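Residue numbers (my numbering): 12 to 412.
A virtual CB, placed ideally from N, CA and C, is assigned to each residue, including glycine.
No experiment lies behind these values; they were computed from the predicted model shown.
Structure, as structure tokens:
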Ligand SMILES: Cc1cc2nc3c(=O)[nH]c(=O)nc-3n(C[C@H](O)[C@H](O)[C@H](O)COP(=O)(O)OP(=O)(O)OC[C@H]3O[C@@H](n4cnc5c(N)ncnc54)[C@H](O)[C@@H]3O)c2cc1C
């Protein structure tokens, strides 16, 4: 029985149920919070490209008890083949060498598999509101008064934004995305295409200066993930807004390309799961305001060029929940979260400054340098993962009520 003198349960609303959201929900429920998660999609979003879980993030999923499930879902890509303009072989490397992963330790899983496993870990324990989103946040009272798109109004002690790179929570809290967006000069288009190429657990990457096309076989099934990545010095704003402009830009950029690129571009035109976005990082001077804080891509998206987005999401969720467990005062908790996590975030975002975009060179000279580097790696396959992957040692689990 609850003692009449015990502290009332703190309530938290988490916006977003992809990777950061369910990870936060897991740890906060464990710490005794009353957790509600709102997700604008009608169900957990499945499918998607492969993502990596590495270094410190492996310890997070081990502590969540989902490491065995994730090991079962591990894709184990064997080979990464680099191709020139005509589809000729430049180099073939072990996938771990390219990704900077530790073989047998770091994990690569389909994004939808990770989301499903995280969702499975919380769905019995927290309140999940699908097909809804936060419309307004009002912090003038003792809690956060939330109006949902559905019209419902509720008050929570805290609100946490885990709603991705184009976070609505961030916009409501701190203003337009532009001020925090560090555009990295690329756009990316991803979709699923039929595996008519006979690829199995491997990646084939075709490159010319400023243009790359990749086919990514996460298994030996009938489908592949196709990626088109291309250099765009200015943000392609029209393409972000308008599907026809988007399609025109992709078709124009890859006109005359060799290898399987015309087939990939053609398949993208008809794909029903096309994902298109600019490649950006989110860099913010602070991750909270009052009783509202941000985590994962919403606060510090590192971009897929670092391959660290999911790992930062998992580690950031752990650190935020841990701080809230240790500090009953939310301001102290948010300050501790930033103090203890920011260096890890900065190191991982900097991977792209130190040549993280080297797989996608924009000039003929840079492409030649990349190819020479790859041939060198092929002759000397052992690599060490970047220290950034493991730079944060997780605090011991805080005691739970
Ligand atoms: C092409 C591509 C390749 C990538 N490859 C890798 C990789 O190899 N390795 C890696 O680690 N990472 C990779 N990433 C990045 C990785 O997917 C993200 O960093 C990671 O998913 C961050 O998770 P998140 O939960 O913070 O945000 P997201 O996964 O973006 O999730 C945000 C969630 O919030 C929901 N949402 C949005 N707005 C609202 C709203 N207003 N109300 C309610 N819900 C809302 C969305 O529907 C979504 O479910 C890649 C990303 C892309 C685009």
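Three or more beta-carbon pairs drawn from the stretch 25-41 and the stretch 313-333 are found closer than 8 angstroms, and the two stretches are therefore classed as touching. By the CB criterion at 9 angstroms, residue 181 and residue 167 fall outside the cutoff. Annotation for residue 70: 405 place their beta carbon closer than 7 angstroms to its own, counting only its chain and skipping 5 residues before and after. Cβ neighbours of residue 313 within its own chain (closer than 8 angstroms, five residues either side excluded): 292, 319, 320, 323, 356, 359, 360, 362 and 363.
In the same chain as residue 396, and ignoring 5 residues on each side of it, the C-beta atoms closer than 6 angstroms to its own belong to 111 and 113, in chain order. Here residue 52 is near residue 142, since their CB atoms are less than 9 angstroms apart. Taking the Cβ atoms as the reference, residue 49 lies roughly 15 angstroms from residue 40, outside the contact range of under 8 angstroms. For residue 128, the uninterrupted alpha helix (DSSP H) segment begins and ends at 122-133. Closest in alpha carbon position to residue 231, among 249, 208 and 248, is 208.
Closest in alpha carbon position to residue 87, among 59, 243, 340 and 106, is 106. Counting only runs of 3+ residues, the beta strand (DSSP E) found wholly inside the stretch 290-339 occupies 303-305, in chain order.
Comparing alpha carbon positions, the residue from 261, 295, 270 and 352 closest to residue 279 is 261. The C-beta distance from residue 149 to residue 159 rounds to 13 angstroms, too long to meet the 8 angstroms contact threshold.
Short note on residue 162: C-beta not closer than 8 angstroms to any heavy atom of ligand 1. Judged by DSSP in its simplified three-state form, residue 405 adopts coil rather than helix or strand. Here residue 35 really is in contact with residue 328; their C-beta atoms are around 4 angstroms apart, less than 8 angstroms.
Placement of the Cβ of residue 309 at a distance of less than 8 angstroms from at least one heavy atom of ligand 1 is found. With a cutoff of 8 angstroms, residue 400 does not count as near ligand 1, since its C-beta is closer than that to no heavy atom of the ligand.
Taking 8 angstroms as the cut-off, one finds at least one heavy atom of ligand 1 near enough to the beta carbon of residue 313. Checking the 8 angstroms criterion, the Cβ of residue 208 is out of range of every heavy atom belonging to ligand 1. Judged by their CB atoms, residue 169 and residue 335 are nearer to each other than the 9 angstroms cut-off. With a cutoff of 9 angstroms on beta-carbon distance, residue 239 and residue 223 are scored as near each other.
Residue 102 is positioned such that its CB atom lies closer than 9 angstroms to that of residue 382.
Placement of the Cβ of residue 113 at a distance of 8 angstroms or more from every heavy atom of ligand 1 is found.
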